[in-house]
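One structure is given below, encoded as structure tokens.
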DNA sequence: CTTTGTTTCAAACAATCGTTTGAATCGCTT
DNA sequence: AAGCGATTCAAACGATTGTTTGAAACAAAG
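Residue numbers (our numbering), protein chains in the order written: chain C, 1 to 220; chain U, 1001 to 1220.
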């Protein structure tokens, strides 16, 4: 894949394909997305996928890596990682960041959606393992650090994982259950202000839980 | 659809198709599931789908309703709805019930998985609207009642929705991010005991949050 | 047994899809 | 201008899919 990685900056066709594919894969998922639709969106011939990427699957793997890199540029975790800030503030940044990835309906928001899709229903491309190892685990470690500071010692590793998942699960809800929210209570994410309110709600809920659990004797 | 509903008890082929389809749709999703695979599993001819159900889409709609009815039989919300129990206990039952639907790997656990799939990525069959209106909203009302008792008055309707979503999101996480959990921390749901521990953790986290928020001045 | 309606079946159909193919075009170097 | 490699293209290919079709088999009633 290194040969490919050296090329993209100077290859307009390849770049157009990547961006179109990101859109279509995020919207439709791997299976439903067709090479013809991607190529139509990129305004290139269908054979270009095979020429530039060898196959639909290889394109997908490339898009997944590309998506994650771009999401990190748009929604960096720098504030969530800044140890000079209090853990509550870091957690609020982490949550706001993750939620924004789920709810950004502009072009760049497709990254979070694509990732959420892949996690929920991994494609046979094997791309998920690589993305988890190289990029998602470091983000989980940021969250683990914040949670550990807030609850203090005394929790098993398994319970630490569960606490982290409880926080992330609240944010991912807004992607995975978007169809439900749009039908039942669309107003809660209707404007940037409401999205910020939602992030606040998740942060307060989670911080309240962690602090309350910290004041108990440790094990829940 | 009423004509169909009167038939199923006495039609073995139809029933076999429904059950096979539930399995395959839950595992593969609507698009990836093929009529041939479903019919092979049910040991019937492929044309039977069109004869008994008119189309793949109609079969899916029927399976979705069937799935929800069966999940309610297996995992009833009676304890969560029992107003004589304290709200904390009711919430623990609600969470345990919802989590079990997500994590039951036996045949009957397919229901929750199918529903989670449909919500995350609605099929063009239009079946989701019906399921939401007739069956899922009553369950949301159960949860809303519990949350209202725990946090007390002073919260806007939007924030009540967000609180409910925070609780449900933690449980759905175990379905949507199963691939991630299986790679990073599979032990947390490896045995029935661990699943119960996970439900406890979610319940404690949520109850802690709600109680802490209740002792504040109301609005988060 | 005949008639009628129901159910099942194998084959066929039309559409879609990712991929391959070989020619044409393009771009660069000498 | 010629040569070479890179890129694009339209057509074709083989596989897959949901659906249709008409015949065969089955079941029930008279």
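We treat Cβ as the ideally placed atom computed from N, Cα and C, and that holds for glycine.
Coarse secondary structure for residue i, derived from DSSP in three states
| i | result |
| --- | --- |
| residue 1151 of chain U | helix |
| residue 193 of chain C | helix |
| residue 1049 of chain U | helix |
| residue 1077 of chain U | coil |
| residue 1126 of chain U | coil |
| residue 1199 of chain U | helix |
| residue 1185 of chain U | coil |
| residue 1043 of chain U | coil |
| residue 1106 of chain U | coil |
| residue 1091 of chain U | helix |
| residue 1033 of chain U | coil |
| residue 1086 of chain U | coil |
| residue 177 of chain C | coil |
| residue 1055 of chain U | coil |
| residue 1219 of chain U | Low confidence applies to residue 1219 of chain U: its pLDDT is 47, below 50, so where it sits in the model is not reliable, and the reading given next is rough at best. In the structure shown, residue 1219 of chain U sits in coil (DSSP, three-state: anything other than H, G, I, E or B). |
| residue 159 of chain C | helix |
| residue 121 of chain C | coil |
| residue 11 of chain C | coil |
CB contact check: residue i to chain U, cutoff 8 Å
| i | result |
| --- | --- |
| residue 166 of chain C | yes |
| residue 211 of chain C | yes |
| residue 124 of chain C | no |
| residue 206 of chain C | yes |
| residue 39 of chain C | no |
| residue 93 of chain C | no |
| residue 99 of chain C | no |
| residue 230 of chain C | As shown, chain C starts at 1 and ends at 220. That puts residue 230 of chain C outside it, with no answer to give. |
| residue 144 of chain C | no |
| residue 170 of chain C | yes |
| residue 176 of chain C | yes |
| residue 71 of chain C | no |
| residue 121 of chain C | yes |
| residue 198 of chain C | yes |
| residue 128 of chain C | yes |
| residue 4 of chain C | Reliability of the predicted coordinates at residue 4 of chain C is poor, the pLDDT of 41 falling under 50, and the value obtained from them is presented with this limitation in mind. It does not: the Cβ of residue 4 of chain C has no partner Cβ on chain U nearer than 8 Å. |
For residue i, the nearest candidate out of the options (CA to CA)
| i | options | result |
| --- | --- | --- |
| residue 13 of chain C | C:31, C:46, C:211 | C:46 |
| residue 17 of chain C | C:42, C:29, C:142 | C:42 |
| residue 152 of chain C | C:209, C:73, C:102 | C:209 |
| residue 206 of chain C | C:171, C:64, C:50, C:123 | C:171 |
| residue 168 of chain C | C:98, C:84, C:90 | C:98 |
| residue 130 of chain C | C:62, C:175, C:24, C:81 | C:62 |
| residue 185 of chain C | U:1086, U:1204, U:1156 | U:1156 |
| residue 69 of chain C | C:92, C:132, C:177 | C:132 |
| residue 948 of chain U | U:1026, U:1020, U:1201 | Given that chain U is displayed from residue 1001 to residue 1220, the structure contains no residue 948 of chain U and the question cannot be resolved. |
| residue 83 of chain C | C:144, C:192, C:202, C:158 | C:144 |
| residue 39 of chain C | C:180, C:191, C:24 | C:24 |
| residue 121 of chain C | C:35, C:28, C:59, C:58 | C:28 |
| residue 1073 of chain U | U:1057, U:1178, U:1182, U:1135 | U:1135 |
| residue 1164 of chain U | U:1056, U:1101, U:1148, U:1087 | U:1148 |
| residue 1195 of chain U | U:1053, U:1102, U:1180 | U:1102 |
| residue 1176 of chain U | C:55, C:115, C:204, C:188 | C:115 |
| residue 1071 of chain U | U:1211, U:1111, U:1203, U:1085 | U:1111 |
| residue 1080 of chain U | U:1094, U:1088, U:1086, U:1067 | U:1094 |
| residue 187 of chain C | U:1214, U:1189, U:1161 | U:1161 |
| residue 1141 of chain U | U:1077, U:1199, U:1212, U:1173 | U:1077 |
| residue 1104 of chain U | U:1202, U:1191, U:1085, U:1154 | U:1191 |
| residue 126 of chain C | C:89, C:96, C:59, C:34 | C:59 |
Contact with chain C by residue i, beta-carbon distance below 8 Å
| i | result |
| --- | --- |
| residue 1241 of chain U | In this structure chain U extends from 1001 to 1220, so residue 1241 of chain U is not present and cannot be described. |
| residue 1149 of chain U | no |
| residue 1161 of chain U | yes |
| residue 1013 of chain U | no |
| residue 1134 of chain U | no |
| residue 1067 of chain U | no |
| residue 1158 of chain U | yes |
| residue 1220 of chain U | Because residue 1220 of chain U sits at a pLDDT of 42, beneath the cut-off of 50, its placement in the model cannot be relied upon, and the following sentence gives the value as read from the coordinates. Yes, residue 1220 of chain U counts as interfacial toward chain C. |
beta-carbon residue i near the ligand HEM non-hydrogen atom, thresh 7 Å
| i | result |
| --- | --- |
| residue 1160 of chain U | Annotation note on the ligand HEM: not contained in the displayed structure, which lists no ligands. |
Pull out every residue of the region 178-195 of chain C whose Cβ sits closer than 9 Å to any Cβ of chain U, in chain order.
-> 178, 179, 180, 181, 183, 184, 185, 187, 188, 194
What residues in the region 1020-1039 of chain U have a beta carbon less than 8 Å from any beta carbon of chain C?
-> 1029, 1031, 1032
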